[in-house]
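Numbering (the UniProt record's numbering), first residue to last: 1 to 263.
Heads up, the beta-carbon is just placed ideally off N, CA and C, and yes, glycines get one too.
Being a predicted model, the structure only gives us computed values, none of them experimental.
Encoded as structure tokens, the structure appears first; notes follow it.
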């Protein structure tokens, strides 16, 4: 790269930090801001840190963040307060990025302003496509998002099941837990895909209802069988009494003939 081009690249990358001195950025965030490959941004950031323009610190096992020192701060060594704040930011961001559950942050208009990788996978969209989308864009037809959102904003904490529909048409059932105003104007939602568990529970309910119907049909058949097995002699005796006849039955189970005398 020519010297002039290198200077322009340096200024572009520094401009990302100048609007937020002290705030840590990853190489991915810088690459997206200036429109270059992540590996390219990483190399330039390392050079800027080596030149003393930026501070840097390792994050986790493989990550790293860079930040611009606040006005008046030296570049040789971060202060204890800066180091503590950076550790907190690093820790929270690492949890956010590595969580297995989907984590989404929405603004007051129910538009997503941040999402972790698990959320992008659940929604079936890249990070850039998730940002700016509204909750209604992922609700299955028939789900009243506006009412649910209004109740959430007025009542506070909320949790339950949400019928999610991805842009490709695939439907998923998710459990959600939502907290309003984790920061002013920022609302947190944590989602977990429970589609298989929910479908298994629904199928188990169907099987239980089928078994109950079968048991009721067996009971009804038993009642019918008992009704038609009333001894024949009892029926005929009742009939004779009704017409005023006296009938004698001798060993009716072995002899079909009967002797009757009429008084």
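- The residue among 41, 163, 152, 67 with its C-alpha nearest the C-alpha of residue 22 is 67.
- For residue 92, the three-state secondary structure derived from DSSP is helix.
- A direct Cα-to-Cα measurement between residue 168 and residue 138 gives close to 11 Å.
- Ranked by Cα distance from residue 130, the options 51, 177, 117 are led by 117.
- The alpha helix (DSSP H) runs lying completely inside the stretch 107-162 and spanning 4 residues or more are 117-123, 127-130, 145-155, given in chain order.
- If you draw a straight line from the Cα of residue 127 to the Cα of residue 204, it is about 37 Å long.
- Within its own chain, the residues whose Cβ lies closer than 6 Å to the Cβ of residue 195, once the five positions on either side in sequence are excluded, are 172, 173, listed in chain order.
- Apart from the 5 residues on each side of it in sequence, residue 185 sits with its Cβ closer than 7 Å to the Cβ of 107, 108 in its chain, given in chain order.
- Excluding sequence positions up to five before and after residue 16, its CB lies within less than 6 Å of the CB of 30, 33, all in the same chain and listed in chain order.
- Between residue 103 and residue 113 the beta-carbon gap is near 12 Å, outside 8 Å, which marks them as no contact.
- Taking 7 Å as the cut-off, the beta carbon of residue 191 is found no closer than this to the beta carbon of residue 182.
- Within the model, the alpha-carbon separation for residue 199 versus residue 124 is close to 21 Å.
- Every beta strand (DSSP E) stretch that sits fully inside the stretch 165-218 and reaches 3 residues is listed by chain position as 171-183, 186-193.
- Residue 119 and residue 40 have their alpha carbons spaced roughly 27 Å apart.
- Less than 7 Å separates the beta-carbon of residue 49 from that of residue 56.
- For residue 41, the enclosing alpha helix (DSSP H) stretches over residues 38-50.
- For the pair residue 35 and residue 202, the Cα-to-Cα distance works out to about 48 Å.
- Remark: C-beta atoms of residue 152 and residue 158 approach each other more closely than 7 Å.
- Taking residue 121 as the centre and dropping the five residues before and after it, the same chain places the C-beta of 102 closer than 8 Å to its C-beta, in chain order.
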